[in-house]
Structure formats: structure tokens, C-alpha cells
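Written below as C-alpha cells is the structure these notes are about.
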Amino acid sequence: MKLGGILRSTVAAICILGVATPAVSISAAPRQVSKPAPRKAAAPRPAASAGLQVRVAQAPDFTRLEFPGSRGMQARREGTAVVLRFPRDANPNLSPLNVGPPRWVKGAQARHVGGVVEIVVALSDDADFRAGNADGDDFINLFARAETASAPAPAAAVVARRPNPMPANGAVAVKFSKVAGQVQLSFDWANPAGAAVFRRGEAVWVVFDAPARLDIGKLPVSTPQYRTIQAFKGPDYTALRISTPQGAPFYADGVGSNWTIALGAGTQDSPDLVHVARDDNASPVTLTANVAGATKIAWVTDPAVGDRVAVATALAPSKGLPSRRDYVEMALLQSATGLAVETYAGDLQVTADGDIVRIGRPKGLLLSSSSSGHAQADAGAGAPQAMAMPALIDSEHWSKTGSGGFMARYDALLGAIPAAGGSDGKGDDTAARMALARFLVGSNLSFEAIGVLNAAGRAHQTLMGDGEFRGLRGVAKVLARRYAEAETDFASPVLSDDPSAAMWRGYIASKTGQWVDANQRFAEGARALNMFPALWQARFLGAQAEASVGVGAPDSAIRLVNQALKLPNIPVEDQLELRLTLAKAFEAKNDVRALPVFQAISRCGIDRLAAPATLHAIQLRLAKNQISADIAAKGLDALRFHWRGDGVELDTIRALGQLQIKQGRYREALEVLHSASNVQSDLPQAVALRNDLNTAFRSLFLDGLADGMQPIQAVGLFYDFQDLTPIGADGDQMVRNLVRRLVDVDLLDEAAKLLKYQVDNRLNGVPKAQVATDLAWIYLMDRKPESALDTINATRTTILPPALNAERRLATARALMGLGRYDAALEVIEADKSRDAEDVRAEIAWKQHAWPQAGALYERSLADRWKTPGVLNPADESKLLRSAVAFSLADDDASLGRLRQRYGAFVEGARNPDGLRVALAGADPGSLSSTDFSKVTADNEAFNGWVAKMKDRFRPQASKAG
2 MKLGGILRST VAAICILGVA TPAVSISAAP RQVSKPAPRK AAAPRPAASA GLQVRVAQAP
62 DFTRLEFPGS RGMQARREGT AVVLRFPRDA NPNLSPLNVG PPRWVKGAQA RHVGGVVEIV
122 VALSDDADFR AGNADGDDFI NLFARAETAS APAPAAAVVA RRPNPMPANG AVAVKFSKVA
182 GQVQLSFDWA NPAGAAVFRR GEAVWVVFDA PARLDIGKLP VSTPQYRTIQ AFKGPDYTAL
242 RISTPQGAPF YADGVGSNWT IALGAGTQDS PDLVHVARDD NASPVTLTAN VAGATKIAWV
302 TDPAVGDRVA VATALAPSKG LPSRRDYVEM ALLQSATGLA VETYAGDLQV TADGDIVRIG
362 RPKGLLLSSS SSGHAQADAG AGAPQAMAMP ALIDSEHWSK TGSGGFMARY DALLGAIPAA
422 GGSDGKGDDT AARMALARFL VGSNLSFEAI GVLNAAGRAH QTLMGDGEFR GLRGVAKVLA
482 RRYAEAETDF ASPVLSDDPS AAMWRGYIAS KTGQWVDANQ RFAEGARALN MFPALWQARF
542 LGAQAEASVG VGAPDSAIRL VNQALKLPNI PVEDQLELRL TLAKAFEAKN DVRALPVFQA
602 ISRCGIDRLA APATLHAIQL RLAKNQISAD IAAKGLDALR FHWRGDGVEL DTIRALGQLQ
662 IKQGRYREAL EVLHSASNVQ SDLPQAVALR NDLNTAFRSL FLDGLADGMQ PIQAVGLFYD
722 FQDLTPIGAD GDQMVRNLVR RLVDVDLLDE AAKLLKYQVD NRLNGVPKAQ VATDLAWIYL
782 MDRKPESALD TINATRTTIL PPALNAERRL ATARALMGLG RYDAALEVIE ADKSRDAEDV
842 RAEIAWKQHA WPQAGALYER SLADRWKTPG VLNPADESKL LRSAVAFSLA DDDASLGRLR
902 QRYGAFVEGA RNPDGLRVAL AGADPGSLSS TDFSKVTADN EAFNGWVAKM KDRFRPQASK
962 AG
């Protein structure tokens with residue numbers, strides 16, 4: 002009895018069970034797979050001809066089918082299917098629509114009719130479609146069918162009995178010219194035509210109010226000023242959509258019946274401004290625009306977005322909006338002439354009445370009030386008076402209360418406000434409000450002063466342009482330590498040249514760590530310094546000294562501090578703050594006097610001064626080796642809980658984190674740095690802390706500091722701080738490094754979780770598709786083909802590199818093979834002739850018991866390996882074993898003899914020499930025992946060899962530089 006018969010009768014079933022994966026159906030796209038008869042090779046499939054590509058992309062609200070390079074596609078509905086007719090014949094690959102159909106698609110088939118191809122796409126019952134062409138590519142968008150809604154009523158033409166601009170032949174030739182680097186498009190109409198020229202995204206739209214055909218046949222396909230031009234015609238309009246560089250200038254000029262559109266920078270005059278305002282006489286609330294010569298409202302469909310834009314066309318000359326204006330329910334687009342409304346609300350109504358275009362909704366728009374007030378700068382007798390400069394303060398006189406005390410003075414100033422307003426409330430109470438605010442600022446009641454000034458600003462909006470109002474409110478916000486808000490007031494144009502405001506801007510810049518700006522602002526306001534009270538002179542000098550230390554000028558800082566200390570009546574707390582700055586200047590000069598001053602101030606009992614002094618003292622003592630790193634860490638850790646809420650806390654945390662990294666305490670360092678990453682985020686210390694945090698994370702997972710940790714510990718640390726993973730190549734490299742380590746130790750679940758987080762939360766576009774492909778391979782290594790297929794399907798996009806597309810098809814084919822969908826797998830890789838695709842075909846033939854085909858495919862995948870001495874790798878050894886078994890089961894003694902002759906010398910060095918010897922024995926079954934058969938059937942190296950190959954694939958990816 003021959004070996005082939007023995008194998009068929011005793012071990013074939015066991016061998017198959019040892020390597021086959023049970024079939025699992027996918028509920029999303031079930032298919033019946035016919036099982037081929039044993040021993041018969043599957044008939045080869047004809048390769049799909051190139052020429053018509055099908056790309057699939059999915060979004061939450063629609064699915065897009067795109068046909069790159071195709072123009073002239075026609076779409077029509079036939080029952081529940083949409084038929085796409087192309088102007089040429091082709092054999093498109095429709096496997097993406099059949100193997101794993103996207104949302105709203107049941108399947109697709111191609112049919113050839115009259116020398117052209119038609120693609121019939123079966124849709125779900127609730128689906129609708131919209132077809133178009135964007136940037137030269139035909140597409141259809143599939144989406145849920147919307148409930149029938151009443152369309153906006155078409156607006157009647159505004160200009161009655163206007164001469165018809167339509168040419169006799171119904172067509173307008175678009176003329177092209179280049180003038181001084183501009184592209185100019187000219188349109189000659191029979192009579193004056195209304196036009197609108199506006200920008201939406203990257204496209205400039207040209208819309209006319211007559212449905213003529215625009216002949217663009219003689220225009221260049223593309224120029225430096227535009228990429229594509231598309232012509233559209235509606236029932237009452239015609240339009241061009243011109244794809245231009247983002248932000249490129251465009252102009253419109255109309256003379257008589259001619260319109261000229263210019264693209265690119267030029268010397269044309271700006272159009273007249275379209276005035277847009279709230280209509281206070283209308284109810285409900287309406288927005289009106291004065292568009293002189295408005296002719297009609299056209300609702301233009303944008304094929305790139307799929308929505309409609311309301312366009313008000315107008316006769317020459319040009320009038321438009323210089324920039325986009327956004328509202329709650331709509332936006333007015335930038336225009337060179339006419340008006341365009343981008344709608345956010347489905348019931349937005351746009352109508353024209355003469356030159357007035359009205360925009361509204363049945364229940365009104367959400368618009369702010371247009372009320373305003375007027376104020377005078379007259380101060381009442383006996384009230385706190387304004388100073389010579391708008392940002393000067395007079396704390397001594399402003400805070401005087403008189404014999405009645407604080408409450409009596411406060412009540413008097415507060416009561417003066419309604420008295421000034423009069424019984425009818427129409428009087429001018431501005432002076433009374435400002436007097437009360439000065440009193441509160443002088444009394445250091447900053448928050449109360451802010452409230453009074455905010456109320457005054459709401460009551461009298463013209464105060465926002467008053468210098469003293471902005472200066473006084475800015476001072477109150479500085480006293481409240483609201484530095485960012487104060488900067489907004491001091492940045493008002495009315496204070497731009499005021500030296501007193503420059504001093505406050507310098508103080509704010511110093512407190513927020515903007516050292517260079519602070520020095521510049523203090524220089525601009527120097528002539529106003531002596532006009533401030535002595536206390537504020539000292540504070541300004543101290544802040545300037547702090548800025549000098551920050552820019553590396555400690556000698557200048559020492560001079561400024563000494564100047565401030567000479568001023569009279571400076572409180573002790575302010576003197577200590579000045580000496581703290583003096584100690585920082587000493588530290589910058591490596592002066593030994595720095596440490597004693599820091600230690601003295603750290604014991605002063607004023608926490609806001611003691612905290613930074615303690616921080617600097619610890620750092621200096623550590624640098625001088627007076628304390629160990631452990632003691633310094635304990636001191637810094639205690640300090641960060643003792644003082645919180647400003648730059649000192651951030652400096653303390655930075656110092657502690659850097660120290661812990663040097664000690665190798667990576668987790669503690671990341672936890673400390675991460676704990677304050679969002680504290681006072683506008684401070685420079687916060688920026689530096691985030692940089693430290695990101696640098697530490699990069700050092701661990703990109704530069705190899707974490708390589709000494711166990712893989713599971715490293716990935717645990719990564720998970721805890723994965724929000725620090727940078728977007729882009731470096732972040733991808735970090736993930737690959739970790740995935741490589743996890744795959745090496747067979748922690749496939751953890752590797753998959755790591756990549757899945759990247760796919761779900763951090764990536765988009767091509768990077769997302771690439772990482773999703775890696776995730777699919779890991780799922781396949783972990784014997785989870787359904788998860789692999791779901792991952793590939795969920796990350797489809799229309800534009801991917803060819804190599805990545807090929808890799809994703811291979812992953813899809815392996816997943817389908819793992820699910821028992823063999824025909825679908827073969828269809829996916831039908832045109833792929835790579836070695837990896839051949840391996841998939843060989844495994845499918847093996848699983849289908851097509852022994853002659855399986856043996857030939859496995860032997861072919863080995864190529865000329867028999868000519869190269871050396872031990873076979875696991876994958877090649879498995880292929881040799883399967884090829885021999887397949888030839889034996891097919892009774893192909895000649896092929897088995899060829900294998901034995903070529904690979905007999907490799908048996909002794911194999912990982913499973915007994916298995917290979919049994920498989921290659923062939924004609925001498927008498928020398929084989931029953932135990933020998935188990936050595937053949939125990940081989941599971943086909944899968945293990947492929948897993949080893951995939952591990953090798955991840956290693957070079959992880960070793961690449963980020």
C-alpha cells in the first residue's frame with residue numbers, strides 16, 4: 002500500500018484538524034461559500050482590468066463612492082438600486098462593495114451595455130444618493146433618506162421687466178486672459194446680468210441670475226491661479242465653481258453687460274461695502290443687507306459639500322463683503338459682488354425686496370441687541386477725580402472716606418448714580434459711576450471695582466472707547482491678579498501711546514514671565530514712573546528687576562532693586578519681595594550671598610514669598626552637595642502641597658520631576674509633572690512644565706529609557722500617560738516600539754489595545770489606516786479574524802498609497818480565509834501576484850483539500866530555496882511539509898520525488914526532522930510506524946511560521962528613527 006493511501010485512511014483528517022481554523026460567519030455580510038470537491042484545483046479567475054478604480058469612504062452621516070479620474074458619469078435610480086453609467090468600458094474591481102459592503106450598500110455588480118460599463122449599486126430601503134464631480138473625480142454620496150420638507154419658496158425676480166440677459170443661443174462663452182500675473186475670466190451677456198462672486202472654502206463661486214450654459218471648453222484645465230473649473234446650471238441660475246489656493250484674492254468687475262472675474266493679486270479697487278444690520282422694526286428678529294441692484298435669490302447646490310447656499314445676485318457695479326461673518330444660524334460669505342448665505346438652520350428664509358435682502362427664520366434669528374449709550378466726562382464735586390493720564394492712580398486721595406467712615410462714603414457715591422440718572426432714568430450717570438470705581442480701586446477693593454465698571458460699560462457702551470475707563474478697569478483687574486483680562490483693557494487702541502498704560506503692560510508681562518516684553522514696556526512708560534504713588538513705583542521697579550533677571554541682566558536688576566528700596570514708606574512685605582528679587586540676581590551671578598537671603602526669606606512667615614525662597618534654597622543646597630537628592634525630593638514634594646496656584650508651584654513641580662527622572666523614578670516623575678500640566682496654562686512656567694513632561698515621555702518611549710522595564714510594566718506606564726503621545730511620526734514610533742516588545746513576548750491582547758486606542762482616538766487619514774492595518778495583523782496573529790476584518794472595514798478611505806492598499810487587501814484576504822469565506826478571500830487578492838498573496842492562495846487550497854493545487858503552490862512559494870544551504874526557517878519548513886503531504890494525498894509521486902531529491906538534505910537540520918522524513922518518505926511505507934504519522938499531524942508550523950514572519954515585520958518598523 003502506498004504512503005498516499007495510508008495518509009488518506011489514517012492521518013489526513015487529524016492533519017487537517019490540526020491546522021484548519023473553524024469557519025465563522027460575519028453577520029454584517031453573510032455569504033454562502035461553496036466547498037470545492039477534493040483533489041480538484043480551483044479554476045483560475047481572470048484578472049480585473051485596470052482603468053476604473055472604486056474608492057470607498059465612510060463618515061457618520063454618509064458613505065462616499067469615488068471614481069478617481071472619471072468624468073461624465075451619469076446616475077439614475079432603478080427601484081432600490083442606483084445605476085452609474087460611465088462613458089467608457091472597463092472591468093472595475095467591486096470587491097469592496099461586495100465582500101464587506103459599506104453602510105447603505107447591499108452589493109454591486111458591473112454590466113456592459115453598448116460599449117460602456119454600468120455599475121448597479123443595490124441600496125438599502127432607507128438610502129438616498131447624490132451624484133457629482135469634485136476636482137475632476139466622479140462620486141456619489143449615499144445617506145439616509147430625509148423626510149420630505151418644504152423647500153424655500155422661490156424668490157421672484159426683484160428687477161421687474163429687466164431686459165433678458167440670455168443670449169439667443171442660450172450659451173455664454175467664457176473668455177480667458179492673463180494680465181500681470183492674474184487670470185481673468187470674461188462673460189459677455191446679451192443684456193446686464195446680475196452676478197454674485199464669493200468664496201466658500203477653497204472654491205470661488207461665480208453665479209449669474211440667468212440659466213444660460215457657460216462654455217468653458219476653451220479654458221486651460223488648470224493654472225497656478227486655479228486647479229479646476231466646473232460649470233453648473235440650475236432652473237434659474239448658472240454658476241462656475243473654481244478651485245483656487247486657500248485665501249487667494251479674487252475680484253469682480255461689471256461694466257454694462259460684461260462681467261470680468263480676476264483671480265490672483267491685482268490692483269483692482271475694492272467693491273462697495275454691503276451694509277448688514279439687525280432690522281429693529283421687524284418682528285420676528287431679521288437681518289437685513291443693502292445690496293444695491295439685487296436681482297434675485299438663487300439656492301445653489303454645492304456638490305462638494307452636498308448642501309445649498311442662498312445667493313443674492315446683483316447688477317454692476319460690484320458690492321460685497323470683505324470677510325466672512327458668522328452667526329448662530331448662518332454665515333455670510335466673503336464676496337467680491339453680491340451676497341452668499343451659508344445656512345446652518347433648515348428653515349432659514351432669504352428674500353429680496355428691491356435693494357434690501359432679508360434673512361430670517363419663522364421664529365426669528367438669534368442676534369444681539371443694538372442698543373448703545375452716550376456719556377460725558379464730567380465729574381461731580383467732591384468725588385474722586387481723574388488723573389492727568391488715563392492709567393494713573395491716586396490711592397491716597399481716592400480712598401479718603403471723611404469723618405463718616407467707609408460705609409458713609411460708599412453709600413454717598415453709590416447714591417449719586419441713580420440721582421444723576423434722574424427720575425426718568427435718562428440722565429447721564431457716567432461721572433458718578435467712574436467716581437465710585439475710583440474710590441473702590443483706591444480702597445484696594447478690586448473685585449467690587451470691576452463689577453461697577455462692567456455695569457457702567459453695559460449701560461454706556463461708548464465707554465469702551467474711553468481711555469480712563471479702560472485704564473481704570475485694567476488697574477482693577479491687575480489688583481485682582483486677572484492679568485490676561487487686564488492685558489485686554491490695556492491693549493485698547495485708545496491707550497496704545499499712553500506711558501502710564503505702558504507701565505501696567507510691563508508689570509503684567511513681568512508677572513506672566515514675558516521678560517523681553519516687560520523690559521520693552523517699562524522703557525516705553527519710564528517718563529510716567531514718577532507720577533505714580535511711591536508704593537507702585539517700588540512695585541514697578543521690582544517687576545522690572547525680575548524681568549532683568551529673566552533676560553540675563555542681573556547687574557541691572559540689582560540697580561533697580563536698590564533704587565526701589567530707597568523709596569519712602571514701602572511696606573515690609575514689599576521690601577521682602579524686592580529682596581527676594583535681589584537674591585535671584587545674586588544667584589544668577591553665582592554670588593554666595595544668594596543662599597543666606599533665600600534662607601532668611603523662607604522663614605518670614607509670608608507664604609507667597611517664603612515658597613519661592615524655599616524652592617531656590619533647596620536647589621542651591623542640592624547644587625552645592627549640601628543635601629542629598631532624596632532629601633531635596635522630600636523637601637520639594639512637601640513644598641508643592643504647601644503652596645499652590647501660581648508659577649512658584651509650577652517651578653517646584655518642574656524641579657521635583659527633573660530630579661526624579663535623574664533618580665530613575667520614571668512613574669513618580671510623570672505623575673508629578675502630569676498633575677500640574679493644566680495649572681495656570683497661560684504662564685510661561687506651564688509651557689516649560691509641559692515641555693518637560695513631553696521630553697520625559699519621549700525619553701522613555703522614543704529614546705529607550707523604558708527599555709530596561711518589563712514589557713508589561715512599560716505598557717502599563719504608557720497607558721497611564723498615553724495622552725502625552727505626540728501626533729505624527731514620533732508618536733507612531735513610540736507605539737511601534739511598545740508593540741514590538743509586546744509582540745515579541747506574545748502579549749498580543751495588550752499590543753492590540755495599544756494600537757486600537759491610537760486608531761480610535763488619535764489618528765486620521767493615512768496614518769490611521771496604516772496603524773489600523775498593523776492592528777489587523779495582530780488580530781490575525783491572535784486568531785481573531787473577525788476583529789481584523791472589522792478594523793479594516795472601519796478605516797476605509799479613498800486616498801491611500803498603493804503599497805498600503807495592497808497590504809490591507811492581504812489582511813482582508815487572511816481575515817476572510819480565517820472566517821471560512823474562501824471565495825471572497827480569493828476575490829480580494831485576485832489581481833495580486835505577490836508572494837504573500839500566493840501564500841494565502843496556497844493556504845486556501847490546503848483548507849479546501851485541493852491537494853494538487855496546494856502542493857504546487859507551496860512548492861512554488863519555496864522557489865529556489867533548495868539551492869541555498871542552511872537550516873530552513875519555520876515558515877519554509879512548514880511550506881515544505883505541507884507541499885509533501887499535499888502531493889502524497891494527491892498521489893503525485895513524481896512531484897513528491899522531486900521534493901525528496903531537492904530537500905532531502907535539509908531534513909536533519911529541521912525543527913521537526915521526523916515530520917519531514919515521514920512526509921518525504923513516499924515509496925517506503927514499510928519503514929514507517931504509526932507514531933511517525935503523529936509527527937506529521939502534530940505540525941502546526943504553518944500558522945506559527947507565519948506569526949514568526951509577522952513578528953519579524955514589526956521589528957524593523959520599531960527600529961526606524963521617528
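When you line the sequence shown up against my numbering, it's residues 2 to 963, in that order. All C-beta atoms, glycine included, are put in the ideal place defined by N, C-alpha and C.
(1) Could you check the C-alpha separation between residue 96 and residue 754 for me, to the nearest Å?
(2) Just list the residues that DSSP pairs residue 113 with in beta bridges.
(3) Which class does residue 883 belong to by DSSP, given the choice of helix, strand or coil?
(4) Consult DSSP for residue 980 and reduce its assignment to one of helix, strand or coil.
(5) Using the beta-carbon count (16 or more within 10 Å), is residue 711 buried or exposed?
(6) Tell me the DSSP bridge mates of residue 315?
(7) What separation, rounded to the nearest whole angstrom, lies between the Cα atoms of residue 155 and residue 493?
(8) Within this structure, are the beta carbons of residue 561 and residue 545 separated by less than 9 Å?
(9) Apply the 10 Å Cβ neighbour rule to residue 661 and answer buried if 16 or more other Cβ atoms are within range, or exposed otherwise.
(10) On the DSSP letters alone, give me the boundaries of the beta strand (DSSP E) that residue 866 sits inside.
(11) What span of residues does the beta strand (DSSP E) with residue 648 cover, start to end?
(12) Short of 8 Å in beta carbon distance, which residues of its chain neighbour residue 287, apart from the five on each side in sequence? Order them along the chain.
(13) Since residue 549 is in the alpha helix (DSSP H), which residue starts that stretch and which ends it?
(14) Just to confirm, are residue 633 and residue 623 a CB contact at a threshold of 9 Å?
(15) Can you tell me where the alpha helix (DSSP H) with residue 523 in it begins and where it stops?
(16) Have a look at 727, 732, 758 and 780 and flag the residue whose alpha-carbon is nearest the alpha-carbon of residue 748.
(17) Mapping the DSSP letters down to three states, classify residue 461 as helix, strand or coil.
(18) Could you check how far apart the C-beta atoms of residue 908 and residue 918 are, in whole angstroms? I think they sit under 8 Å.
(19) Enumerate in chain order the residues of its own chain whose CB-to-CB distance from residue 135 is below 7 Å, with the five nearest sequence positions on each side excluded.
(20) For the beta strand (DSSP E) that contains residue 769, what are its first and last residues?
(21) In chain order, which continuous runs of the alpha helix (DSSP H) of length 4 or greater are located wholly inside the segment 829 to 865?
(22) Report yes or no: do three or more beta-carbon pairs, one from the segment 209 to 227 and one from the segment 244 to 261, lie closer than 8 Å?
(23) Taking residue 478 as part of the alpha helix (DSSP H), name the residues at either end of that continuous run.
(24) Hey, residue 198 and residue 120: beta-carbon distance below 9 Å or not?
(25) Would the segment 122 to 131 count as touching the segment 816 to 828 if we require 3 or more Cβ pairs under 8 Å?
(26) What would DSSP say about residue 260, mapped onto helix, strand or coil?
(27) Is it true that the segment 809 to 819 meets the segment 827 to 839, where meeting means three or more beta-carbon pairs spaced less than 8 Å apart?
(28) Let me know the secondary structure DSSP gives residue 252 once reduced to three states.
(29) Could you name the residues of the same chain whose beta carbon sits closer than 6 Å to that of residue 491, not counting the 5 residues immediately before and after it, in chain order?
(30) Starting from residue 589 and walking both ways along the alpha helix (DSSP H), at which residues does that stretch end?
(31) From the DSSP output, read off the bridge partner residues of residue 206.
(32) DSSP beta-bridge partners for residue 360?
(33) Can you look up residue 1048 in the DSSP assignment and give me helix, strand or coil?
(34) Indicate whether residue 188 and residue 215 have their beta-carbon atoms separated by less than 9 Å.
(35) Rounded to the nearest angstrom, what separates residue 551 and residue 558 at their Cα positions?
(36) Tell whether a beta-carbon distance below 9 Å holds between residue 575 and residue 543.
Let's see:
(1) In the sequence shown, residue 96 corresponds to position 95, counting from 1. In the sequence shown, residue 754 corresponds to position 753, counting from 1. Taking the straight line joining both Cα atoms gives about 29 Å.
(2) If you number the sequence shown from 1, residue 113 lands on position 112. Answer by DSSP bridge pairing, in chain order: 118.
(3) For the purposes of this step, residue 883 is taken as residue 882 along the sequence shown, with counting starting at 1. Residue state, collapsed to three classes: helix.
(4) Look at the range of the chain in this structure, 2 to 963, and you will see that residue 980 is not part of it.
(5) To locate residue 711, count along the sequence shown from 1; it is residue 710. So residue 711 ends up on the exposed side.
(6) Sequence index remark: in the sequence shown, residue 315 carries index 314 (1-based). The partner list for residue 315 (beta bridge, DSSP) reads 196 and 295.
(7) For the purposes of this step, residue 155 is taken as residue 154 along the sequence shown, with counting starting at 1. For the purposes of this step, residue 493 is taken as residue 492 along the sequence shown, with counting starting at 1. Summary for residue 155: the model assigns pLDDT 43, below 50, so the residue's position carries little reliability; its value from the coordinates is reported in the next sentence. For residue 155 and residue 493, the distance between alpha carbons rounds to 46 Å.
(8) Along the sequence shown, read from residue 1 onward, the residue named residue 561 stands at position 560. Along the sequence shown, read from residue 1 onward, the residue named residue 545 stands at position 544. Yes; because the gap between Cβ atoms is below 9 Å, this pair is in contact.
(9) Counting from one through the sequence shown, the residue named residue 661 turns up at place 660. Buried, since its Cβ has 16 or more Cβ neighbours within 10 Å.
(10) For the purposes of this step, residue 866 is taken as the residue at position 865 of the sequence shown. Counting along the chain, residue 866 falls outside any beta strand (DSSP E), and DSSP gives it neither H nor E.
(11) As a working note, residue 648 is residue 647 in the sequence shown. Looking at the DSSP string, residue 648 is not in any beta strand (DSSP E); the run it does join, the alpha helix (DSSP H), is 648 to 663.
(12) Stepping through the sequence shown from its first residue, residue 287 is reached at position 286. Once the five neighbours on either side are set aside, the close Cβ partners of residue 287 are 279, 280, 359, 360, 361, 365 and 366.
(13) The residue you call residue 549 lines up with position 548 of the sequence shown. Residue 549 -> alpha helix (DSSP H) spans 535 to 551.
(14) For the purposes of this step, residue 633 is identified with residue 632 of the sequence shown, where counting begins at 1. For the purposes of this step, residue 623 is identified with residue 622 of the sequence shown, where counting begins at 1. Against a cut-off of 9 Å, the Cβ pair of residue 623 and residue 633 comes out as a contact.
(15) Position 522 of the sequence shown, counting from 1, holds the residue named residue 523. Looking at the DSSP string, the run of the alpha helix (DSSP H) that includes residue 523 is 516 to 525.
(16) Within the sequence shown, residue 748 is the residue found at index 747, counting from 1. For residue 748, the nearest C-alpha among the options comes from 780.
(17) Walking along the sequence shown from the start, residue 461 turns up at place 460. It is coil, neither helix nor strand.
(18) Walking along the sequence shown from the start, residue 908 turns up at place 907. Walking along the sequence shown from the start, residue 918 turns up at place 917. Going by Cβ atoms, the distance from residue 908 to residue 918 rounds to 5 Å, so yes, they are a contact pair.
(19) The sequence position of residue 135 within the sequence shown is 134, counting from 1. Once the five neighbours on either side are set aside, the close Cβ partners of residue 135 are 304 and 305.
(20) By 1-based counting over the sequence shown, the position of residue 769 is 768. Taken as a continuous stretch (DSSP letters only), residue 769 belongs to no beta strand (DSSP E), being part of the alpha helix (DSSP H) at 766 to 782.
(21) 836 to 848 and 852 to 863
(22) yes
(23) Residue numbering aside, residue 478 sits at position 477 when the sequence shown is read from its first letter. From DSSP, the alpha helix (DSSP H) with residue 478 extends over 468 to 480.
(24) Translated into the one-based positions of the sequence shown, residue 198 becomes position 197. Translated into the one-based positions of the sequence shown, residue 120 becomes position 119. Contact: no.
(25) no
(26) In the sequence shown, the residue the question calls residue 260 occupies position 259. Reduced to three states, the DSSP call for residue 260 is strand.
(27) yes
(28) The residue you call residue 252 lines up with position 251 of the sequence shown. In this structure, residue 252 counts as strand in the three-state DSSP scheme.
(29) The count along the sequence shown starts at 1 and reaches residue 491 at position 490. Cβ within range, chain order: 475, 502, 505 and 506.
(30) Translated into the one-based positions of the sequence shown, residue 589 becomes position 588. Element bounds for residue 589: 573 to 589.
(31) Numbered from its first residue, the sequence shown carries residue 206 at position 205. Beta-bridge pairing links residue 206 to 199 and 242.
(32) Taking the sequence shown and counting its residues from 1, the one referred to as residue 360 is at position 359. According to DSSP, residue 360 bridges with 288 and 351.
(33) Within the shown structure, residues of the chain are numbered from 2 to 963, placing residue 1048 beyond reach of any answer.
(34) In the sequence shown, counting from the first residue as 1, residue 188 sits at position 187. In the sequence shown, counting from the first residue as 1, residue 215 sits at position 214. Closer than 9 Å, so yes.
(35) The residue you call residue 551 lines up with position 550 of the sequence shown. The residue you call residue 558 lines up with position 557 of the sequence shown. Their backbone Cα atoms lie some 9 Å apart in a straight line.
(36) Position 574 of the sequence shown, counted from the start, is the residue given in the question as residue 575. Position 542 of the sequence shown, counted from the start, is the residue given in the question as residue 543. The answer is yes: Cβ separation under 9 Å.
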